[in-house]
Every structure is written in C-alpha cells, then in structure tokens.
RNA sequence: GGCACCGUCGCCAAGUGGUAAGGCCGAGGUCUGCAAAAUCUCUAUCGGCGGUUCGAGUCCGCCCGGUGCCUCCA
C-alpha cells in the first residue's frame, strides 16, 4: 500500500511515485507578506506541513521549498500608507509569519526563498520566452503570449474561448490578447525597480514561482502545492511559463487545499470575513486550531466557527490527558526491555490504519477516528507490553500530524493562560474555596462542600478530586 | 453566462456498489459522599424524484438548495 494523492491536473487520485526514488521535490506557494496571516493561510501551511511530515515518515528525503512574495502592488501600497520602505513591510510580516505559523508547529521548509532574491533567474526565463517569441515587450511591460501555448487551461479545465467570453476579462490595449499576462511590469516613478533589458521594472506575480522552483528543484519536480484559489490563473500561468521555457511540464503532481469558510462563504481579505491567527490565539490554543484544521480532509471546505474550535479544544484536552495518563503508565514499566519495540510499533494495527488513511490522499479525518479509538484503548489498558506498543503507535501517529508539540503540563498551562485572560480568574479566591470545601469534606459536611463547589462552578471552575488532591481547571 | 464542487445523526465529519467510522451534545450504567475525569451501553438509511443493478449514500438523469473559480487571494 502506498501513498495516493489527488492530482488537480488529472482530477484523480494517483499513486505517488517520486521522480527519483525516496527523494521528493516539493514547492508550495507561500504568502504575500503585506499583512498578518489568517486562518486560510494556516490551513494551507498545515496541509503541506502534514504532507511534508508524512512524506518523510514513509522514508523520503524531501526538498521542500516555500516562497515569500515580497514585491507586489499590495506591499508597495502598504509601504506608502505607512510611510515606510517596502522592505520594512516585508521584514515585519515575514517575522510575524514565522511567529504565527511556528505556534502551529509548522516545520521549516528546506528553503524559504524570497522573490526579490531571484530577479536574475526570472529575467533569464523572461528573456528565454522573448527569444522564443512566446513573450513580447509592450510599452516597457513584458507579456506572455497565451496563444503560443496550446495547452493553456489544462490545469484548471478552462478553455480559452470560454475565458474570452467571460465577462471579467480585462480590456487592455497594451496586450495583444486580453488573456496575456505580465511577466515583467514597468515601474512607475518612485516604485521599487530592477534593471532589465526592457527597462526598469519588477516581476509579474507568476514568474517568481516558476523561476524559484526551477532554481531549487529543477525543470520538473514532484509536487507543487497551494490553495485551490491559485489553480487559475497563478498555477496555470506557471505551467505556461515553465513549459514555454523548458518544453517540459514543470510539475508531476499538483496538490490544492480547500478553503476555510465563514458561514459557508470563503474567508478572504476582500470579503473582510477573515480572522487573523493572532486574534484567534487570544481565545484558542494554536494546537487546537491545528487539530481543527486537520479534522477534515484537506480538499474539503471547512467551516470556521467558535463552536468548532470549542469542540476541538475538548478533543485536544482529552488527547493530552490521555497522553499524560499514558506517560504515567509507561514510566512504571521498563520499555527498553521490550524486544524489537520499533518493529512491533510499525506492525501495530493502529500504525497500519494510520498509514492506510494517510495513504488515501491524506485522509486526516479518518486518522482522527483511529486516534480516538486508540485513546479509548489506552485509557482502559492495563500496564503491559501491548499497552506500551499501542501507546507508542498512538503517539507516533499523532506526531506525524504535527500534534503533541507540547507536553500535557505545558498545554494545560497554556490553555489556562488563555482562558483565564478571557475570564478574569481570581486564583486566590479559587484556592480558598477549594480549601474550604476540603475542610468541610473532612468533617463530612457535604452541604457546605457542595456550596463551595457550586460557587466555583458559578465562576467557571471545574474541580476534580484525585488521589493526589483536588485539581481544578477552567471550564 | 462558462467551468467545477458540495448537500450524510441536533452540530462537526469519514464512507473502493454489498448493507452508515469518529468527535461534540444528549440518555442510562460503573466509579465517586455527591461530582468531575475515565469507562461501558444507546442514538441517522444518507436534499427530492426517477433510472441502472441481485444490491446505491456510493453510478446515470432531472429537480431543489449551497459554494468556488473565471479579478488580487491559501
């Protein structure tokens, strides 16, 4: 059984076979750094982070490239609005990206190239296209001539005639054909610019990904990923550029993640219905967000709501409590005495079903079902070798999904910090009530004990009597 | 208008044509002074109507409802 992945190009799940055995080249479109990331960005990052982790898990060496678009109209506008240099905007939001995504336990790609560090590679490609008469200069801009590429539309399933008859194709007299797109844009006075054979300007959006993927992964590489919204025109144009240049299809598997919706509607900047990660972290733990985002298969739309995050919080807490319990039991036994532990973990049914689900186009929703069942087994298991193997299989699977980045104690603390900030928690008062209750309990004054607990419940505190004493947390 | 996609329990969410995973919520049992946590048990015939088939949530057609792309967008 091996990995199958849905290829947008064919519209089917295909067996994933890398070009070079056990080596995978993967390029994922990153973000344009002019603002803070929202949940949609997080989903894309998590999906491909999960794919990255899984590819490694099944024995591949992965060369993973994720770019930053650091020159574009929106960046220039933002810089003008704030009265700072455009580089300052980039610096600020790249740093924010790393901070916000880091909290989601997104692993670092092999390389995170920036567009502006690769202008020469882009100019080289543009020149090649111009030389082959697949691109033309017009008033300082350079456009790709769509009619020179007969397969245009192959990825998105569009045909040129349909696009032309569509109402939203812009009319532009500098283009030979309305569908032609910019490879190089002449700069206006005062804008950042680079020298080129066609005068000072800056790259069009699409060329950077073609140039950088070629630079780091070669003319043809295995996986190119991004959000569904990039299929057209971005990735379609990349194909046109790369094929035009090298005569080869650049990508073997096109992988696209579905959107995050708000009330069934796509979360997007232009609709203004987006939540930044920073805002969400004020109310919910980042790992909870990750769990929520992998609880659906990556191609399905996923509806973002507070209710869903609250559900995810419960699940994540249960997972960490399960982990704490498992760790405690594991401590009581000598794991090293188990012969061939790794082999037994690999052959465990939980590992097998994890792999089967992941192999089926990364069906993380099914993995969650298996993890829940695994947890139920662990919670009721007695301490023995079988338990240790199951526990190990369970933890390993969760980690490939990027979960359990923290420890149960730390997670609990962080959750507490988030909740208490939103609730105005008075720890002294709580501890006093718990002490009073325990005093009452000792003298079997149950009504007084219950009164204390009712008061705690009223302020949102949940208490649990354990052999080690009374524990409490915020509901 | 063109091209795609989606509609499964109150909510979230899986489901190679062979008889509906899992989670949240809810009900009941065990545990507990009572709770909580844990654990056990219970809770859907798949938007509608036709068709293909021995058999359909799963294929085909039509209808209803919703979304996306066609413009920057993860």
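In this note's numbering, the protein residues as written are 1420 to 1894.
We put the beta carbon where it would ideally sit given N, CA and C, even for glycine.
Query, Result
"Residue 1681 to residue 1755 span [Cα, whole Å]", "49 angstroms"
"CA-to-CA distance, residue 1817 to residue 1479, given in whole angstroms", "19 angstroms"
"4 or more residues per run - each alpha helix (DSSP H) lying fully within the stretch 1649 to 1678", "1655 to 1665"
"DSSP state of residue 1445 mapped onto helix, strand, coil", "strand"
"Three-pair Cβ contact test at 8 angstroms for the stretch 1600 to 1608 versus the stretch 1498 to 1505", "no"
"Residues bridged to residue 1485 (per DSSP)", "1447"
"Pick from 1576, 1635 and 1663 that is closest to residue 1564, judged by C-alpha positions", "1663"
"Enclosing alpha helix (DSSP H) for residue 1700 [first to last residue]", "1696 to 1702"
"Same chain only: Cβ atoms within 6 angstroms of residue 1897, ignoring 5 sequence neighbours per side", "Outside the displayed range of the chain (1420 to 1894) lies residue 1897, so it cannot be described from this structure."
"Spatial distance of residue 1609 from residue 1546 (CA atoms)", "25 angstroms"
"Own chain, CB closer than 6 angstroms to residue 1464, minus 5 neighbours either side, in chain order", "1520 and 1525"
"Three-state class that DSSP yields for residue 1721 in the structure shown", "strand"
"Which of helix, strand or coil DSSP assigns to residue 1426", "strand"
"Cut-off 6 angstroms between Cβ atoms - residues of its own chain near residue 1863, not counting five sequence neighbours on either side", "none"
"Residue 1865 burial status per 10 Å Cβ neighbour count (16 or more: buried)", "exposed"
"Of the residues 1579, 1617 and 1791, the one placed nearest residue 1733, counting alpha carbons only", "1791"
"Proximity of residue 1428 and residue 1673 at Cβ, strictly below 8 angstroms", "yes"
"Reference residue 1856, options 1826, 1891, 1841 and 1461, closest by Cα", "1891"
"Extent of the continuous beta strand (DSSP E) to which residue 1643 belongs", "1640 to 1646"
"Within the stretch 1718 to 1769, ranges of the alpha helix (DSSP H) (whole runs, at least 4 residues)", "1725 to 1750 and 1760 to 1766"
"Sequence-distant residues of its chain with Cβ nearer than 6 angstroms to residue 1482 (five each side left out)", "1444 and 1529"
"Three CB pairs or more closer than 8 angstroms across the stretch 1566 to 1581 and the stretch 1628 to 1639", "no"
"Minimum C-alpha distance to residue 1517 - residue among 1475, 1773, 1450 and 1542", "1450"
"Opposing strand residues paired with residue 1621 [DSSP bridges]", "1604"
"Beta-bridge pairing of residue 1864 - partner residues as DSSP gives them", "For residue 1864, which the question treats as bridged, DSSP gives no partner whatsoever."
"Residues near residue 1541 in its chain [Cβ-Cβ closer than 7 angstroms; skip 5 each side]", "1622, 1626, 1627 and 1630"
"Residue 1717 and residue 1549 closer than 8 angstroms at C-beta", "no"
"Short Cβ contact (8 angstroms threshold) for residue 1878 with residue 1835", "no"
"Selected residue, minimal CA-CA separation from residue 1707, among 1775, 1552, 1693 and 1724", "1724"
"Ordered list of beta strand (DSSP E) runs contained in the stretch 1447 to 1533, each at least 3 residues", "1480 to 1488"
"Range covered by the beta strand (DSSP E) that runs through residue 1891", "1888 to 1893"
"Boundaries of the alpha helix (DSSP H) in which residue 1547 is found, first to last residue", "1538 to 1550"
"Helix, strand or coil at residue 1433 [DSSP, three-state]", "strand"
"Cα-Cα separation, residue 1461 to residue 1696", "8 angstroms"
"Continuous alpha helix (DSSP H) stretch holding residue 1824: start and end", "Premise fails: residue 1824 is in no alpha helix (DSSP H) and is neither H nor E."
"Length of the line joining the Cα atoms of residue 1772 and residue 1687", "36 angstroms"
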